[in-house]
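Written out below as structure tokens is the structure these notes cover.
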Amino acid sequence: MARVMRNILTALRAIVLFGLFLLTGCDEDEEQAASAVEVNSVRALLTDPFLQLPTPHSVNVVWFTNFEGSAHRLDYGQGMTVMAKTTRLSRMMEDASSQQRGKTYETVTSRPVYRHEATATGLVSGERVEYRITSVDETGHELTSDTFTLAATPPRNQPLKILLTSDMQSKVNAPANYQRMVETVGIPDAVFFAGDFVNVPDRASEWFDQVKNNEPAFFPSLQGRNQQLMPTFPYAGGEILQHAPLFGTIGNHEVMGRYQPERETYTLNGAYHDPQPRWYAEIAYEQVKKEVNPKDNPDVRAEWIADHSHNHMSFLEIFSFPDDGSGGEAYYAVSLGDVFLISLNISRIWRSWSVDGQSRTKFVEALAELENPEAWGFGEFMFEQFNAGSDQYQWLSQVLQSDAFRQARYKVVLAHQGAFGLGDNTVPVLADPVMQLVEPDVNGGENVTELPFPISADDWHNKVLPRLSESHRVSWRPQLLRE
């Protein structure tokens with residue numbers, strides 16, 4: 082583990098990028114759009130096209146609409162046309178907290194969002210060509226984008242401008258930052274986004290068309306379209322993703338918690354804050370599998386466990402990343418000219434600091450829920466494992482031994498959270514917590530039983546459940562270095 086971490090730190094020291102974290106505020110004298118563009122018409126393009134998965138001779142073009150349509154095409158270069166593959170996103174929703182122009186929602190409501198992806202082939206590395214997309218609805222009406230430029234992966238030794246950014250989360254300064262970046266530096270050759278794209282990944286409007294004051298949506302900010310939604314806002318954002326491929330990594334705001342829309346109290350914000358560990362969902366599944374999966378279908382089992390723990394379904398349905406390991410697109414490595422990029426899946430749920438026992442936090446469970454693990458938060462647990470022996474660790478070890486990594490001039494590692502963190506993220510350390518069951522002893526003191534993650538089914542049934550009725554509290558402490 083230490084050798085691999087040293088290699089990661091070496092890679093991090095080798096980052097030579099335009100890391101553009103602009104902190105420009107919003108000036109009152111910026112030119113403002115005259116009026117809002119209607120974005121919630123019956124048929125609409127929800128985004129401009131953007132670029133994904135470049136190779137030495139191709140690149141994918143992706144865009145979204147609010148209708149399935151009858152045909153969607155990409156036109157590029159000298160008379161080249163290719164049809165797009167269309168899919169509907171599984172869990173795009175809105176609820177009473179959503180703010181979308183001309184629409185309100187009383188309850189959690191599924192929203193139709195269709196993704197279209199086409200591949201431009203026959204490209205020459207290092208050369209840009211123009212492109213545009215067209216979507217045709219079921220009546221034959223065509224909606225066509227403006228013209229942009231695309232390119233395959235750059236050749237070796239080509240100078241690159243790479244935008245390194247993260248944690249947009251509908252922040253008010255995002256459109257200003259990206260607009261100023263384009264105005265001062267120009268359009269980058271790629272975007273490396275280190276997680277936390279939005280706040281709640283299942284909320285469609287946070288991606289496409291949110292009109293909440295001072296909380297701009299993701300795509301409008303990175304495609305220069307923010308003033309179409311918010312005409313009085315002084316910044317339009319930057320026209321970036323239409324020309325530069327995006328590579329991202331999973332942060333905690335790409336992960337939704339338990340999916341239980343049948344509950345009357347279910348909300349999107351509530352679901353985001355309600356993940357539980359996968360190992361606990363696996364234990365719970367064993368108690369109900371005869372009822373929910375009588376045919377023992379492995380796909381049904383996997384879906385049930387994901388719905389009762391956590392998932393990054395919406396994030397991975399929106400974007401296309403390399404699929405080069407056991408984790409699918411959740412972590413990957415790719416070469417881009419002289420740059421070798423490694424994207425890791427390292428994040429955990431964030432919880433508050435309180436220890437008063439009134440709610441579930443980093444350190445304790447709510448005292449009122451000690452005998453009800455269904456209401457627990459399980460501390461700040463890791464969503465995916467990256468410790469020695471894990472699938473991600475084994476994959477990373479192989480990547481660090483590859484010729485592509487060793488020969489790359491610049492080595493970049495994207496991980497949403499690091500081993501030590503900053504500010505209030507320094508505690509607890511980046512590791513799964515240790516469970517502490519605190520019980521009274523006969524002398525008026527306390528007995529503490531500790532169990533590290535993941536807790537086995539045997540330990541859960543024999544060491545945890547029998548003690549809950551007598552426990553004073555359930556705590557979560559950080560792992561120590563020696564552990």
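Under the working numbering, residues 82 to 564 are what the sequence shown spells out, in order. We put the CB at the ideal spot given by N, CA and C, even for glycine.
Unbroken stretches of the beta strand (DSSP E), 3 residues or longer, contained in the stretch 272-356: 327-329
Residue nearest to L241 in terms of C-alpha spacing, selected from S247, G267, M249 and N258: The count along the sequence shown starts at 1 and reaches residue 241 at position 160. Nearest C-alpha to L241: G267.
Distance between beta carbons of F421 and A496, contact taken as under 8 Å: One-based indexing of the sequence shown puts residue 496 at position 415. One-based indexing of the sequence shown puts residue 421 at position 340. The C-beta separation of A496 from F421 comes to about 15 Å, leaving the pair out of contact by the 8 Å criterion.
Opening and closing residue of the beta strand (DSSP E) in which Y157 lies: Reading the sequence shown from its first residue, position 76 is the one you call residue 157. From DSSP, the beta strand (DSSP E) with Y157 extends over A152 to Y157.
G276 versus Y186, P535, L245 and G458, residue with shortest Cα-Cα distance: In the sequence shown, residue 276 corresponds to position 195, counting from 1. When only C-alpha atoms are compared, the closest one is L245.
Counterpart residues of Y413 in DSSP-defined beta bridges: Taking the sequence shown and counting its residues from 1, one reaches residue 413 at position 332. DSSP lists S424 as partners of Y413.
Range of the contiguous alpha helix (DSSP H) that encloses A387: Start at 1 with the first residue of the sequence shown, and residue 387 comes out as number 306. Start and end: P379 to D388.
Three-state secondary structure assigned by DSSP to Q260: Translated into positions along the sequence shown, residue 260 becomes position 179. DSSP places Q260 in helix when its eight states are reduced to three.
Residue nearest to L397 in terms of C-alpha spacing, selected from S171, F148, N141 and A469: Within the sequence shown, numbered from 1, the residue matching residue 397 stands at position 316. Nearest of S171, F148, N141 and A469 to L397, Cα basis: S171.
Bounding residues of the beta strand (DSSP E) (the contiguous stretch that carries K166): Counted from its first residue, the sequence shown places residue 166 at position 85. Run containing K166: K166 to R169, per the beta strand (DSSP E) assignment.
Own chain residues within Cβ distance below 8 Å of T348, not counting five before or after: Against the sequence shown, residue 348 aligns to sequence position 267. Here the set comprises D176, A177, S178 and V189.
In chain order, each beta strand (DSSP E) run of at least 3 residues that lies wholly inside the stretch 223-262: 223-225, 229-232 and 243-246
Euclidean distance between Cα positions of R399 and T146: Against the sequence shown, residue 399 aligns to sequence position 318. Against the sequence shown, residue 146 aligns to sequence position 65. For clarity, residue 399 is Ile in the given sequence; the question names Arg instead. So the two alpha carbons sit approximately 12 Å from each other.
N- and C-terminal bounds of the alpha helix (DSSP H) containing V480: In the sequence shown, the residue the question calls residue 480 occupies position 399. Counting along the chain, the alpha helix (DSSP H) containing V480 begins and ends at D472 to L481.
Reduced DSSP category for K443 - H, G, I as helix; E, B as strand; rest coil: Translated into positions along the sequence shown, residue 443 becomes position 362. It is coil, neither helix nor strand.
Outcome for V369 when other beta-carbon atoms lying within 10 angstroms are tallied against a minimum of 16: Position 288 of the sequence shown holds residue 369. Exposed, because fewer than 16 other Cβ atoms sit within 10 Å of the Cβ of V369.
Three CB pairs or more closer than 8 Å across the stretch 503-519 and the stretch 532-543: yes
Proximity of S390 and Q357 at Cβ, strictly below 7 Å: For the purposes of this step, residue 390 is taken as residue 309 along the sequence shown, with counting starting at 1. For the purposes of this step, residue 357 is taken as residue 276 along the sequence shown, with counting starting at 1. Result yes, Cβ atoms of S390 and Q357 sit closer than 7 Å.
Reference R154; option with closest CA among D218, S206, V253 and R169: Taking the first residue of the sequence shown as position 1, residue 154 is located at position 73. Among D218, S206, V253 and R169, the Cα nearest to that of R154 is on D218.
Cβ pair I423, A414 closer than 7 Å: Indexing the sequence shown from 1 puts residue 423 at position 342. Indexing the sequence shown from 1 puts residue 414 at position 333. Going by C-beta atoms, I423 is nearer than 7 Å to A414.
Nearest neighbour of D355, chosen from F274, K492, A387 and T136 [CA to CA]: Position 274 of the sequence shown, counted from the first residue, corresponds to residue 355. The option with the nearest alpha carbon to D355 is A387.
C-beta atoms of H393 and E465 nearer than 7 Å: Taking the first residue of the sequence shown as position 1, residue 393 is located at position 312. Taking the first residue of the sequence shown as position 1, residue 465 is located at position 384. Cβ atoms of H393 and E465: not closer than 7 Å.
Three-state secondary structure assigned by DSSP to A489: One-based indexing of the sequence shown puts residue 489 at position 408. Three-state result, A489: coil.
Other residues of its chain near N280: CB distance less than 7 Å, five sequence neighbours each side excluded: On the sequence shown, position 199 is the one that residue 280 refers to. Hits under 7 Å: Q250, S251, E287 and H334.
Helix, strand or coil at W541 [DSSP, three-state]: Translated into the one-based positions of the sequence shown, residue 541 becomes position 460. In this structure, W541 counts as helix in the three-state DSSP scheme.
Rounded straight-line distance, which links the Cα of D156 to that of R209: Counted from its first residue, the sequence shown places residue 209 at position 128. Counted from its first residue, the sequence shown places residue 156 at position 75. Going by the C-alpha atoms only, they are around 14 Å apart.
Residues bridged to V140 [DSSP beta-bridge criterion]: The sequence position of residue 140 within the sequence shown is 59, counting from 1. Answer is A201, bridged to V140.
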